[in-house]
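See below for the structure under consideration.
Number of protein chains: 2
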Amino acid sequence: MKSSSLSDDGTPVEPKYSETALRILEAAERLFVELGLEATSLRLITQQAGVNLAAVNYHFRSKDALFEAVFARRFEPWARECLRELERLEARAAAGTARFDAEAVMMCYVRPALALSKDPSRGGALFVRLFSRVLVENHRVLRETLSRDWGHLVTRYTEALGRALPGLSAEEVAWRLHLGFSVMFHAFAGNDILKLFGRSAVSARDPDLIVKHVVPFVLAGMGAVPRAESSAP
Amino acid sequence: MKSSSLSDDGTPVEPKYSETALRILEAAERLFVELGLEATSLRLITQQAGVNLAAVNYHFRSKDALFEAVFARRFEPWARECLRELERLEARAAAGTARFDAEAVMMCYVRPALALSKDPSRGGALFVRLFSRVLVENHRVLRETLSRDWGHLVTRYTEALGRALPGLSAEEVAWRLHLGFSVMFHAFAGNDILKLFGRSAVSARDPDLIVKHVVPFVLAGMGAVPRAESSAP
DNA sequence: GTACGTTTAAAACAGACGTTTGAGACGCGG
DNA sequence: CCGCGTCTCAAACGTCTGTTTTAAACGTAC
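From first to last, the protein sequence lines are chains A and B.
22 is the number of the first residue of the first sequence in this note's numbering; add one for each residue after it.
22 is the number of the first residue of the second sequence in this note's numbering; add one for each residue after it.
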């Protein structure tokens with residue numbers, strides 16, 4: 022994933038894609054989500070995009086590079102939005118116009134995730150599902166670049182939650198962040214374990230409903246009092 | 022996934038595998054977890070198992086059938102253990118020797134998951150990761166059989182949690198179960214979003230540590246007071 | 001010892017895969 | 001008119017896939 026270059030005023034310059042390249046990107050995004058990287062063939066992508074097979078290797082260099090392009094197009098604006106949310110919260114807390122608590126930190130993730138889920142023009146919930154696949158499948162393609170280019174994002178969230186929950190050890194904070202993000206992330210991705218068993222009464226695809234139920238759940242979890250050690254010193 | 026037949030006393034009769042078949046099962050399990058179903062070739066499996074390529078199609082019918090066998094061998098004993106835990110809780114609650122609360126219901130899932138994670142001879146954490154991949158990749162192979170053969174398990178958990186949280190609507194109970202299972206499941210599977218960014222301070226692979234942190238988190242979330250509707254009638 | 005079902009072995013099958021090639025179509029400034 | 005990038009197209013490349021075939025080795029019962 023190459024980071025997009027920045028123009029003079031700092032706003033990202035999206036690489037211009039020809040119409041053919043765009044059709045490939047969109048078909049690929051949908052198919053990668055539904056079938057996964059390995060199971061999606063270039064022939065299927067080009068067929069659904071209505072373009073020639075060789076166009077993929079012309080516009081993108083390879084199948085792997087196409088996957089990176091599909092991912093970066095959606096991920097980078099989203100990650101930048103998360104960063105902006107954190108910075109805005111810090112500014113408002115410094116100005117005394119906002120409380121710096123766990124809910125405020127959490128909303129710095131929920132708001133961008135909600136906005137993304139509701140905006141099909143940016144990939145919508147489809148991209149969150151793609152991200153989820155990438156995570157569980159642990160793709161070699163993205164491991165390196167994600168930690169190099171966006172590792173600081175996680176560091177920022179960790180620091181923020183630590184500041185919002187001052188009584189906790191660093192280890193405890195890391196766990197709450199881990200568990201909180203886990204449930205929020207998989208909820209937005211629509212990963213419903215129970216649905217696999219055909220018995221989920223939850224319509225886990227409506228973003229507003231997700232927020233309504235997931236926010237109190239995670240907030241309660243993050244604020245939970247740690248269990249007293251039963252026999253440790 | 023064919024269910025194993027039962028002997029007279031109700032204990033499952035595990036199909037006898039020849040040594041060759043067993044070596045295939047074990048190599049396949051490891052590779053399916055690491056690489057996924059599509060990316061794992063039969064040649065790689067047989068090479069690592071030290072057996073001939075054709076042995077797969079002889080002992081198992083096809084690659085898909087091998088995958089089902091790998092999955093069923095681990096899943097069915099686990100699911101039966103979950104069922105037993107629920108039945109034991111109901112019996113003890115009826116006898117007045119246990120409280121039927123959210124924690125008790127939750128532990129009916131945590132105990133089997135913990136036992137499985139710590140027992141390499143039953144697949145250990147490896148199988149939970151395989152299960153997680155199956156879930157996110159939404160495999161055609163397992164969708165039908167899981168809901169047909171094990172859907173009632175989810176129904177049982179839903180009823181149990183509803184009984185443990187009597188003040189809540191059915192929808193609310195379904196959401197708490199969904200979110201609670203989601204975080205527990207992905208925690209046991211070691212799905213660490215933050216690790217993908219190279220910044221997780223959490224050593225999410227120690228089952229005892231997982232339980233220590235995930236139980237208070239989920240308990241707090243499940244017991245959370247629902248948010249008051251802000252403007253609804 | 002010979003016949004039998006079971007298991008292994010090596011080789012070959014047809015098809016799908018990602019990628020490359022080389023020729024031709026298009027728009028555009030000269 | 002030409003010349004030159006940009007882009008599309010059909011065809012072919014070599015490799016890998018799941019599966020099948022053929023033959024040989026094995027243990028066991030008669």
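We put the beta carbon where it would ideally sit given N, CA and C, even for glycine.
For secondary structure counted as the alpha helix (DSSP H) over 4 or more consecutive residues, the region 159-212 of chain B holds these complete runs in sequence order: 161-185 and 191-210. Collapsing the DSSP output to three states places Phe81 of chain B in coil. Contact with chain A is absent for Asp85 of chain B, since none of that chain's Cβ atoms lies less than 9 Å from the residue's Cβ. When DSSP states are grouped into helix, strand and coil, Glu97 of chain B belongs to the helix group. Residue-level contact check: Glu192 of chain A touches chain B, since one or more beta carbons of chain B fall below 9 Å from its beta carbon.
For Trp171 of chain A, the chain B residues whose Cβ falls inside 8 Å of its Cβ are Phe218, in order along the chain. Taking 9 Å as the threshold, the shortest C-beta distance from Met243 of chain B to chain A falls below it. In this structure, the beta-carbon distance from Ser168 of chain A to Gly219 of chain B falls below 9 Å.
Within the region 36-72 of chain A, the alpha helix (DSSP H) runs of at least 4 residues that lie entirely inside it are, in chain order, 40-56 and 63-70.
Distance check between Met205 of chain A and each of A:Ile66, A:Gly145 and A:Leu240 places A:Leu240 closest, using alpha-carbon atoms only. Contact of Trp196 of chain B with chain A is assigned, a C-beta pair being separated by under 9 Å. Residue state for Asp229 of chain A is assigned as helix, using DSSP reduced to three classes.
DSSP places Pro133 of chain B in the uninterrupted alpha helix (DSSP H) bounded by Ala123 to Ser138.
Under the Cβ distance rule, Leu186 of chain A does not count among the residues neighbouring chain B, no pair being separated by less than 9 Å. In the three-state reduction of the DSSP assignment, Leu104 of chain A falls in the helix class, which pools H, G and I. Around Gly183 of chain A, the same chain offers Leu189, Ala191 and Val194 as residues with beta carbons nearer than 8 Å, after the five sequence neighbours per side are excluded. Judged by DSSP in its simplified three-state form, Arg150 of chain B adopts helix. For Ala208 of chain B, the chain A residues whose C-beta falls within less than 9 Å of its own C-beta are His199, Leu200 and Ser203, listed in chain order. Counting the other CB atoms within 10 Å of its CB gives His173 of chain A a total below 16, which places it among the exposed residues.
Within chain B, no residue has its CB atom less than 9 Å from the CB of Phe88 of chain A, the nearest being about 14 Å off. Within the model, the alpha-carbon separation for Glu50 of chain A versus Ser62 of chain A is close to 12 Å. For Leu215 of chain B, the enclosing alpha helix (DSSP H) starts and ends at Ile214 to Leu217.
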